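Numbering (this note's numbering), first residue to last: 773 to 937.
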């Protein structure tokens, strides 16, 4: 589900796997990438009554692979894109796997940072509806859960990111 109003998207933890310098690319998968293909789309919007689209905002994502591992040596499943004039962004990736965090698994999630005019405006995580670990994760926020749609060749999710402009 997209953000229901133009209230700011909720912050969420950065986590220990952030790595600056992600390449500018929206296609994070290669032919050898294992997992369920995912198209992630949305808009970056200004908080408040205007809900203005924020073109040229930078959206950066990083995530675990389908087995739950992060590429900490290189930039696998890490990338950043600039929004177009309508504030739209798009990534091609895979649905991330689960991994142990202490005694329990984290739900599948994608980390997101949004920069506007060179300033970081948001750090959050996006989660997936129906994940078996959503109800036990100490970090999840219900407003950050996305609905997954079937595309025939994978899945699709959309989430609008609303930031203070």
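Beta carbons: idealized from backbone N, C-alpha and C, even for Gly.
Computed from a predicted structure; not experimentally measured.
Considering only 851, 779, 836, 932, the residue with the shortest C-alpha distance to residue 919 is 932. If you draw a straight line from the Cα of residue 855 to the Cα of residue 784, it is about 21 Å long. Here DSSP, grouped into helix, strand and coil, assigns residue 922 to strand. For residue 873, the three-state secondary structure derived from DSSP is strand.
Sequence-distant Cβ neighbours of residue 794 in its own chain, meaning closer than 7 Å and more than five residues away, are 832, 834, 847, 850, 851, 852. Between the segment 812–821 and the segment 922–930, the count of C-beta pairs closer than 8 Å reaches three or more; the two stretches touch. Per DSSP, residue 801 is not a residue of any beta strand (DSSP E), being assigned neither H nor E. For residue 855, there is no enclosing beta strand (DSSP E), as DSSP marks it with neither H nor E.
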